[in-house]
Amino acid sequence: MSAPLLDLRVSDKHYDTRTIIERLTLSIRRGEIVSLVGPSGCGKSTLLRILAGLDRDFNGEILLDGRPQQGPSNRIGVIFQEPRLLPWLNVADNVAFPAGPRRGNDPRVGSLLAEVGLAEARAYLPKQLSGGMAQRVAIARGLFSEPDLLLLDEPFSAVDAMTRMRLQDLLLSLVRSHGTAALLVTHDLDEALYLSDRVLLMTPSGKTGAGRIVREIAVGVERPRDRRDLLLASLRGELLEGLGAVTV
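Throughout, the working numbering is defined as the position within the sequence shown, counted from one, plus 15.
What follows is the structure, encoded as structure tokens:
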């Protein structure tokens with residue numbers, strides 16, 4: 016088996032006197048989709064901030080292709096819960112913002128907007144977009160730097176159910192076409208199982224109650240998946256059992 020794209024080890028991460036994450040290891044292969052689920056407050060979003068290079072105040076290391084990471088990298092794209100578009104920039108300039116302001120003429124922008132179904136919206140301002148359209152712009156922006164790894168922090172939680180399903184299918188298509196790995200934080204177990212190759216369950220554990228990965232579930236269901244698949248339902252039961260039958 017080839018070496019993983021990402022290797023993460025966090026010995027411990029503290030906020031003041033509280034231990035947030037402890038003795039956590041994580042690896043992701045190229046092109047793999049991994050979901051991270053668990054109760055609120057167990058450190059999922061903190062872990063994403065560490066991986067994005069936005070939080071260096073921890074004991075441990077991040078290796079990308081075997082090389083230590085010391086801060087934000089254009090090889091790692093981030094998509095947040097809210098689109099976080101700049102209201103004074105049009106869609107094209109928002110997509111290209113990782114390269115600097117007013118870079119919407121970059122040829123990559125048109126290709127990405129076509130992929131997310133917004134080829135005709137490049138001149139729109141964010142206020143002219145629906146929630147689903149804005150999140151598609153955010154996905155295109157996350158892919159602009161052609162990252163090896165996408166980090167997604169509950170990216171579809173603010174849209175309606177039908178839009179959410181369409182965005183899930185869009186993410187699958189884009190990850191496949193770009194060869195990008197993805198780590199998704201979600202509270203939706205069905206979403207995690209529909210999208211992922213593996214689902215990692217993170218819960219407060221040990222004497223400190225710090226977040227750790229306590230269970231890994233491989234989702235051995237071929238794509239395209241049927242959301243009503245009985246195996247997915249069975250795996251959902253495993254996750255709920257691991258959470259102590261508390262919905263996350």
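Yeah, the Cβ is synthetic: ideal placement off N, Cα and C, and Gly gets one too.
Keep in mind it's a predicted model, so treat the numbers as computed, not measured.
### Message
If we require 4 or more residues per run, which alpha helix (DSSP H) segments fall completely within the stretch 147-198?
### Response
If we require 4 residues or more, the alpha helix (DSSP H) runs fully inside the stretch 147-198 come out as 176-193.
### Task
For Thr195, count neighbouring Cβ atoms within 10 angstroms of its own Cβ and tell me buried if that reaches 16, exposed if not.
buried
### Message
So for Ala136, helix, strand or coil by DSSP?
### Response
helix
### Query
First and last residue of the alpha helix (DSSP H) that includes Ala107?
106-110
### Query
Buried or exposed: Glu37, going by 16 or more other Cβ atoms within 10 Å of its Cβ?
buried
### Three-way DSSP call (helix, strand, coil) for Pro83 in this model
Residue state for Pro83 is assigned as strand, using DSSP reduced to three classes.
### Message
Is it the case that the stretch 132-139 contacts the stretch 147-165, given that we only count it when at least three CB pairs across the two stretches are under 8 Å?
### Response
yes
### Task
Please name the residue or residues paired with Glu231 in a DSSP beta bridge.
Leu215
### Task
Output the distance between the C-alpha atoms of Thr40 and Met180, rounded to the nearest integer angstrom.
30 Å
### Task
Kindly indicate which residue of Pro239, Ser50, Gly58 has the alpha-carbon position closest to the one of Thr223.
Gly58
### Task
Could you please give the first and the last residue of the uninterrupted beta strand (DSSP E) stretch that includes Gly56?
Gly56 -> no beta strand (DSSP E), and no H or E assigned at all.
### Message
In this structure, how does DSSP classify Phe95 when only helix, strand and coil are distinguished?
### Response
coil
### Message
For the structure I just gave you, are there three or more beta carbon pairs, one from the stretch 245-253 and one from the stretch 76-87, closer than 8 Å?
### Response
no
### DSSP-derived helix/strand/coil call for Leu208
In the structure shown, Leu208 sits in a helix (DSSP, three-state: H, G or I).
### Query
If we count the other Cβ atoms within 10 Å of its Cβ and call it buried at 16 or more, is Ala155 buried or exposed?
buried
### Query
Considering only residues of the same chain and omitting the five flanking positions on each side of Gly257, which have a CB-CB separation below 6 Å?
Leu216, Arg230
### Query
How should Asn264 be labelled, buried or exposed, when 16 other C-beta atoms within 10 angstroms of its C-beta is the threshold for buried?
Because the chain is modelled from 16 through 263, residue 264 falls outside the range shown and cannot be assessed.
### Message
Just to confirm, is the Cβ distance from Val52 to Ala233 under 8 Å?
### Response
no
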